[in-house]
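Following UniProt numbering from start to finish, the sequence shown increments by one per residue and tops out at 575.
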Amino acid sequence: LRSEFINVERLSLVGQMAAGITHEIRNPMAVVRGFLQLMQEKSPDTLDHYYRIVMEELDRANSIINDFLSLAQNRTAEKEECHLHDIIHELSPLLWADANLRGQSIELKLGSMMPKLLLNPKEMKQLILNLCRNGMEAMGEKGTLTIETRLEGEQVKLFVKDTGIGIPDDVLQRLFEPFFTTKNKGTGLGLALCMSVVQRHNGTIDVKSSEGQGTVFIISLPVRSSPQTMIEPQSAAAFE
Ligand code: ADP
Ligand code: MG
Numbered sequence: 336l337r338s339e340f341i342n343v344e345r346l347s348l349v350g351q352m353a354a355g356i357t358h359e360i361r362n363p364m365a366v367v368r369g370f371l372q373l374m375q376e377k378s379p380d381t382l383d384h385y386y387r388i389v390m391e392e393l394d395r396a397n398s399i400i401n402d403f404l405s406l407a408q409n410r411t412a413e414k415e416e417c418h419l420h421d422i423i424h425e426l427s428p429l430l431w432a433d434a435n436l437r438g439q440s441i442e443l444k445l446g447s448m449m450p451k452l453l454l455n456p457k458e459m460k461q462l463i464l465n466l467c468r469n470g471m472e473a474m475g476e477k478g479t480l481t482i483e484t485r486l487e488g489e490q491v492k493l494f495v496k497d498t499g500i501g502i503p504d505d506v507l508q509r510l511f512e513p514f515f516t517t518k519n520k521g522t523g524l525g526l527a528l529c530m531s532v533v534q535r536h537n538g539t540i541d542v543k544s545s546e547g548q549g550t551v552f553i554i555s556l557p558v559r560s561s562p563q564t565m566i567e568p569q570s571a572a573a574f575e
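Here it is as structure tokens:
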């Protein structure tokens, strides 16, 4: 029953987004078309400038399509028993490379005695990647992104914390709205995607932010969503 309920929710989000996407893709396309028309009669310098705009807008349309597809696909995504830490470790090279380019650092604080969870690894990767990218984009050089995991009672908690600009109240209200973005090159689909992934894992997502100081996103995932996801206490040490 629970899974049917989630599917209906998902469909309506995808449906809602299909309408939005038409609008969002038409915008960059209109810009590209307009600038191509202007290009017919311009000097080389101006052409250079227009060329960059056209490429950026095409990239933007491409990002929107990619983000939308990751949301619309995985409809019947299979879950498997896995360790959240394995997923984080697989993402590490990508995250470190990204942070390096920005002059930022990443701290991992992974909890001990963490049980396996019933997860879709591909979706989990997208979730963590999206939260980390947002964190990095909110920080300047010297910022620190912290990825922390903890077992708290019946829940595994994942914290993605940044030392960035923080989120003002009016933005906080609209955070998970599809296509809501405050960035020039944003798609506004990252957190909508995160929310749908978390819902499909029967989890919750919380945000705490303080302007000028930073933000933390907290993902809570149930350990007991299926009885066989539990591991015996004595074997837990083997995973450390
Ligand atoms: P996008 O990153 O494409 O803008 P998202 O859905 O990922 O779309 O995020 C929506 C908006 O939420 C961002 O444009 C930004 O204003 C805000 N936001 C998300 N994460 C953070 C963060 N860690 N710090 C500050 N603002 C954030
Ligand atoms: Mg984002």
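From the three backbone atoms N, C-alpha and C, an ideal C-beta is built for every residue, glycine too.
Can you check which of these residues, the options, is closest to residue i by C-alpha distance?
{"i": "M474", "options": "M364, Q439, I399", "result": "Q439"}
{"i": "R465", "options": "N401, L373, G369, G547", "result": "The sequence given here has Asn at residue 465, not Arg. When each option's Cα is compared against that of N465, the closest is N401."}
{"i": "F552", "options": "M352, L462, K518", "result": "L462"}
{"i": "H358", "options": "D394, D504, I399", "result": "I399"}
{"i": "G525", "options": "E392, Q548, F511, K377", "result": "F511"}
{"i": "A396", "options": "S405, K477, I360", "result": "I360"}
{"i": "residue 583", "options": "G549, I540, R468", "result": "Because the chain here runs from 336 to 575, residue 583 falls outside it and cannot be looked at."}
{"i": "S555", "options": "K520, E483, D505, S378", "result": "E483"}
{"i": "R387", "options": "S378, V367, Q372", "result": "V367"}
{"i": "G369", "options": "V389, D380, H384, Q548", "result": "V389"}
{"i": "S544", "options": "Y385, L507, G538, K520", "result": "L507"}
{"i": "G437", "options": "G521, K477, S378, N537", "result": "It is worth fixing the name first, because residue 437 is Arg in this sequence and not Gly. The shortest C-alpha separation from R437 is found at K477."}
{"i": "P503", "options": "L429, G549, S378", "result": "G549"}
Take residue i and list the residues in its own chain whose beta-carbon comes closer than 6 Å to its own, dropping the five residues that flank it on each side.
{"i": "G523", "result": "F514, F515, T516"}
{"i": "I356", "result": "F403"}
{"i": "P363", "result": "E392, R395, A396"}
{"i": "I500", "result": "A473"}
{"i": "residue 289", "result": "One cannot answer for residue 289 here, as it falls past the ends of the chain, which runs 336 to 575."}
{"i": "T421", "result": "The amino acid at residue 421 is misidentified as Thr; the sequence shows Asp. Excluding residues within five positions, none has a Cβ falling inside 6 Å."}
{"i": "P562", "result": "With a pLDDT of 48 at P562, under the threshold of 50, the modelled position of that residue is not reliable, and the figure given next carries that caveat. Closer than 6 Å at Cβ, skipping near neighbours: no residue."}
{"i": "Y385", "result": "F370, M374"}
{"i": "R509", "result": "F515"}
{"i": "D541", "result": "I553"}
{"i": "K444", "result": "E483"}
{"i": "T481", "result": "E442, K496"}
{"i": "T539", "result": "S555"}
Tell me which same chain residues have a C-beta within less than 8 Å of the C-beta of residue i, skipping the five on either side of it?
{"i": "T479", "result": "Q439, S440, I441, E442, D497, T498"}
{"i": "R485", "result": "G446, V491, K492, F494"}
{"i": "R412", "result": "Checking the displayed sequence, the identity of residue 412 turns out to be Ala instead of Arg. Same-chain partners within the cutoff: N455, K457, E458, R535."}
{"i": "L419", "result": "M449, L452, L454, M459, T484, V491, L493, L556"}
{"i": "E489", "result": "P557, V558, R559"}
{"i": "K518", "result": "E472"}
{"i": "K377", "result": "Y385"}
{"i": "L429", "result": "L464"}
How would you write the range of the beta strand (DSSP E) that residue i sits in, first residue to last?
{"i": "R444", "result": "The sequence as given places Lys at residue 444; Arg does not occur at that position. Where K444 is concerned, the enclosing beta strand (DSSP E) stretches over 440 to 444."}
{"i": "V495", "result": "490 to 497"}
{"i": "G549", "result": "549 to 557"}
{"i": "T539", "result": "539 to 545"}
{"i": "E483", "result": "479 to 487"}
Between which two residues does the alpha helix (DSSP H) holding residue i run?
{"i": "H470", "result": "Checking the sequence shown, residue 470 turns out to be Gly, not His. Run containing G470: 456 to 472, per the alpha helix (DSSP H) assignment."}
{"i": "I500", "result": "I500 -> no alpha helix (DSSP H), and no H or E assigned at all."}
{"i": "S427", "result": "419 to 437"}
{"i": "S531", "result": "525 to 535"}
{"i": "M390", "result": "379 to 407"}
In its own chain, which residues sit with a C-beta less than 7 Å from the C-beta of residue i, not counting the 5 before and 5 after it?
{"i": "K414", "result": "L453, L454, N455"}
{"i": "L382", "result": "M374"}
{"i": "W431", "result": "I441"}
_Contact between the segment 522 to 536 and the segment 424 to 440 is defined here as three or more beta-carbon pairs at a separation below 8 Å; is this criterion met?_
When C-beta atoms of the segment 522 to 536 are compared with those of the segment 424 to 440, fewer than three pairs fall below 8 Å, so the two segments do not count as touching.
*Residues with C-beta closer than 5 Å to any heavy atom of the ligand MG, in chain order*: N469, G525
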